[in-house]
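Quick note: the sequence shown uses the UniProt record's numbering, first residue 1, plus one each step.
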Amino acid sequence: MADLFELTALDQWRSLQRGEISPTDLTEHYLARIERLNPGLGAFVTVTAEAALARARFVENEVPRTAPLWGLPFGDKDLQLRAGVPARLGSRLMRDNVPETSDLLVQALDTAGGISLGKTNTPEFGLPSYTESLAAPPARNPWNPTFGAGGSSGGAAVAVAARMLPFAPGSDGGGSVRIPAAACGLVGLKPSRGRIPAASGLNVPGGLPVAGPLARTVADAALLLDAMIAPGGGRPEHPFSVRAPGGDEQLLGAAIRGEGRYQLGVMTTSAWDDAYEISLAPEALAALTSAVDGFAAMGHGIEQTALTADPSYAPAFRALWQLSAARIPAETPEQEALLEPLTRWLMHRGRSLTGRAVAEALSTLAAYERSFIRQLARFDAVLTPALALTPRPVGWYDATDGERNFAQQVQYTPFTSMVNVCGLPAITLPVAQTADGLPMGVQLIGRPGGEATLLALGAQLERRLRWQDRVPAGL
Numbered sequence: 001m002a003d004l005f006e007l008t009a010l011d012q013w014r015s016l017q018r019g020e021i022s023p024t025d026l027t028e029h030y031l032a033r034i035e036r037l038n039p040g041l042g043a044f045v046t047v048t049a050e051a052a053l054a055r056a057r058f059v060e061n062e063v064p065r066t067a068p069l070w071g072l073p074f075g076d077k078d079l080q081l082r083a084g085v086p087a088r089l090g091s092r093l094m095r096d097n098v099p100e101t102s103d104l105l106v107q108a109l110d111t112a113g114g115i116s117l118g119k120t121n122t123p124e125f126g127l128p129s130y131t132e133s134l135a136a137p138p139a140r141n142p143w144n145p146t147f148g149a150g151g152s153s154g155g156a157a158v159a160v161a162a163r164m165l166p167f168a169p170g171s172d173g174g175g176s177v178r179i180p181a182a183a184c185g186l187v188g189l190k191p192s193r194g195r196i197p198a199a200s201g202l203n204v205p206g207g208l209p210v211a212g213p214l215a216r217t218v219a220d221a222a223l224l225l226d227a228m229i230a231p232g233g234g235r236p237e238h239p240f241s242v243r244a245p246g247g248d249e250q251l252l253g254a255a256i257r258g259e260g261r262y263q264l265g266v267m268t269t270s271a272w273d274d275a276y277e278i279s280l281a282p283e284a285l286a287a288l289t290s291a292v293d294g295f296a297a298m299g300h301g302i303e304q305t306a307l308t309a310d311p312s313y314a315p316a317f318r319a320l321w322q323l324s325a326a327r328i329p330a331e332t333p334e335q336e337a338l339l340e341p342l343t344r345w346l347m348h349r350g351r352s353l354t355g356r357a358v359a360e361a362l363s364t365l366a367a368y369e370r371s372f373i374r375q376l377a378r379f380d381a382v383l384t385p386a387l388a389l390t391p392r393p394v395g396w397y398d399a400t401d402g403e404r405n406f407a408q409q410v411q412y413t414p415f416t417s418m419v420n421v422c423g424l425p426a427i428t429l430p431v432a433q434t435a436d437g438l439p440m441g442v443q444l445i446g447r448p449g450g451e452a453t454l455l456a457l458g459a460q461l462e463r464r465l466r467w468q469d470r471v472p473a474g475l
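What follows is the structure, given as structure tokens:
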């Protein structure tokens with residue numbers, strides 16, 4: 001019999017439902033793997049073993065088996081608040097922060113019957129697209145630990161890729177689910193704005209950040225996404241939820257069936273092309289070609305497309321990103337000294353923005369959203385590289401020069417932030433590997449509410465390429 005960690009999350013859930021294993025068995029299994037593997041990889045910043053085992057016993061005895069995630073372990077990203085568990089948010093400034101109440105997303109995953117094993121690594125306040133803070137060891141890529149895992153859900157990606165978790169929730173405000181998923185050889189899905197009631201993006205200026213799953217397979221991602229949308233297993237009831245076309249059907253069904261033929265656009269232009277020198281690595285183009293060839297062989301329509309240049313995007317997004325740092329709770333010189341140089345730069349830039357500048361940035365990005373959706377409306381989904389470059393070595397990013405650091409992040413991840421601005425769903429798929437074994441992926445961008453189409457397409461390509469059979473060495 002295969003070790004439990006070798007099973008997909010869906011297979012583990014089925015074994016739990018059949019009574020072949022218990023939530024306690026599964027929790028103990030993963031806690032043992034975390035104890036062995038985490039010190040070298042930096043996936044978790046806090047492991048709550050005692051609380052996890054107590055929770056497993058509670059789930060066994062008190063939670064109905066009909067709960068969507070009954071007995072399945074996960075990890076909370078350390079930007080999410082769980083009552084009684086340190087929430088350091090990747091920052092030395094927050095080292096003593098222990099919340100008394102839990103976030104809505106944490107509550108939703110508990111309602112769904114999941115079992116949190118601790119907090120996964122994230123960069124300072126989740127701002128960068130790599131996970132290398134001064135508050136914790138870096139999140140290292142399980143395929144080669146000298147390389148980074150991406151961010152800001154880097155710890156979650158490492159935990160899933162190294163089989164320390166069956167899947168994990170992340171958050172994505174500019175690519176923070178899709179970037180680490182692509183770097184670590186996983187499926188990462190950013191849902192439509194408003195699709196997940198507990199992390200909708202509708203309560204944040206610009207509506208950029210939403211929650212989403214990281215998983216080894218498309219079906220596993222859909223399993224977790226369904227539970228995030230409707231943790232009780234029924235129709236989501238929430239003032240900030242958005243129902244996608246097609247009603248209340250669970251997305252897991254679309255992922256399992258993997259049916260349909262679609263019209264796909266293929267695009268290598270991005271919103272950043274006018275502001276920065278964007279160069280695509282041969283490995284990124286090879287991954288894109290692999291996906292195009294696979295979809296074409298399955299009978300999907302393929303058409304090359306490109307975005308119209310829009311120089312207004314870059315300064316508007318930069319302003320919104322800087323604004324997101326303005327509320328960091330550093331009011332004294334002593335508090336500010338605990339922040340990392342990039343964070344201080346962002347915070348000061350954000351606090352210097354005028355109300356007029358913020359209003360203009362929001363208006364510009366709203367217009368960009370309308371234009372982007374209109375340009376690509378004839379496609380069911382649009383295929384791009386997931387990342388422009390191969391995974392970056394640990395320590396590659398400039399830690400002191402904010403402008404250079406921002407340019408590096410854009411040049412590595414030019415295809416992700418525009419999807420957040422437009423509130424669209426997108427999925428990254430780990431279609432290829434470099435010559436030295438590092439993952440390379442592609443991104444599919446869907447129509448508003450089009451998660452089912454993305455999952456169906458991903459499932460079809462997964463059956464063809466079998467990326468779920470790839471395992472990092474030494475695990």
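Positions of the beta carbon are idealized from the N, C-alpha and C atoms, including for glycine.
Residue i, DSSP secondary structure in three states
i: residue 289; result: helix
i: residue 80; result: coil
i: residue 227; result: helix
i: residue 315; result: helix
i: residue 479; result: Residue 479 is absent from the structure shown; the chain starts at 1 and stops at 475.
i: residue 201; result: coil
i: residue 462; result: helix
i: residue 196; result: coil
i: residue 402; result: helix
i: residue 474; result: coil
i: residue 7; result: coil
i: residue 140; result: strand
i: residue 233; result: coil
Beta-carbon contacts of residue i that lie in its chain and below 6 Å, excluding the five residues immediately before and after
i: residue 103; result: 80 and 81
i: residue 246; result: With a pLDDT of 48 at residue 246, under the threshold of 50, the modelled position of this residue cannot be trusted; read the value that follows with caution. For residue 246, where only same-chain residues beyond five positions count, there are no Cβ hits under 6 Å.
i: residue 458; result: 218, 427 and 429
i: residue 386; result: 182, 428, 441, 442 and 443
i: residue 256; result: 219
i: residue 55; result: 115
Where the beta strand (DSSP E) through residue i begins and ends
i: residue 381; result: 381 to 385
i: residue 263; result: 263 to 266
i: residue 440; result: 439 to 446
i: residue 188; result: 187 to 190
i: residue 168; result: 167 to 172
i: residue 117; result: 115 to 120
i: residue 390; result: Where residue 390 is concerned, there is no enclosing beta strand (DSSP E), given that its DSSP letter is neither H nor E.
Whether residue i touches residue j by CB criterion (9 Å)
i: residue 113; j: residue 160; result: no
i: residue 347; j: residue 326; result: yes
i: residue 378; j: residue 265; result: yes
i: residue 424; j: residue 163; result: no
i: residue 116; j: residue 76; result: yes
i: residue 213; j: residue 320; result: no
i: residue 477; j: residue 171; result: A question about residue 477 goes unanswered here, because the residues of the chain that appear run from 1 up to 475.
i: residue 226; j: residue 68; result: yes
i: residue 414; j: residue 432; result: no
i: residue 166; j: residue 475; result: no
i: residue 330; j: residue 339; result: yes
i: residue 188; j: residue 180; result: yes
i: residue 215; j: residue 202; result: no
i: residue 543; j: residue 70; result: The chain is shown from 1 up to 475; residue 543 falls before or after that span and cannot be answered.
i: residue 419; j: residue 278; result: no
i: residue 118; j: residue 198; result: no
Classification of residue i by the beta-carbon crowding that lies within 10 angstroms, buried from 16 upward
i: residue 153; result: buried
i: residue 140; result: buried
i: residue 352; result: exposed
i: residue 372; result: buried
i: residue 38; result: buried
i: residue 406; result: buried
i: residue 12; result: buried
i: residue 451; result: buried
i: residue 229; result: buried
i: residue 296; result: exposed
i: residue 58; result: exposed
i: residue 254; result: buried
Endpoints, the alpha helix (DSSP H) within which residue i is located
i: residue 25; result: 23 to 41
i: residue 424; result: Per DSSP, residue 424 belongs to no alpha helix (DSSP H) and is neither H nor E.
i: residue 415; result: No alpha helix (DSSP H) contains residue 415, which DSSP labels as neither H nor E.
i: residue 478; result: Outside the displayed span of the chain (1 to 475) sits residue 478, for which this structure offers no information.
i: residue 208; result: Where residue 208 is concerned, there is no enclosing alpha helix (DSSP H), given that its DSSP letter is neither H nor E.
i: residue 343; result: 341 to 352
Chain-order list of residues whose beta-carbon lies under 8 Å from that of residue i (same chain, five-residue window excluded)
i: residue 97; result: 86, 87, 88 and 89
i: residue 343; result: 91, 124, 125, 127, 325 and 328
Contacts around residue i, its chain only, beta-carbon distance under 7 Å, and the 5 residues preceding and following it disregarded
i: residue 207; result: 193, 201 and 423
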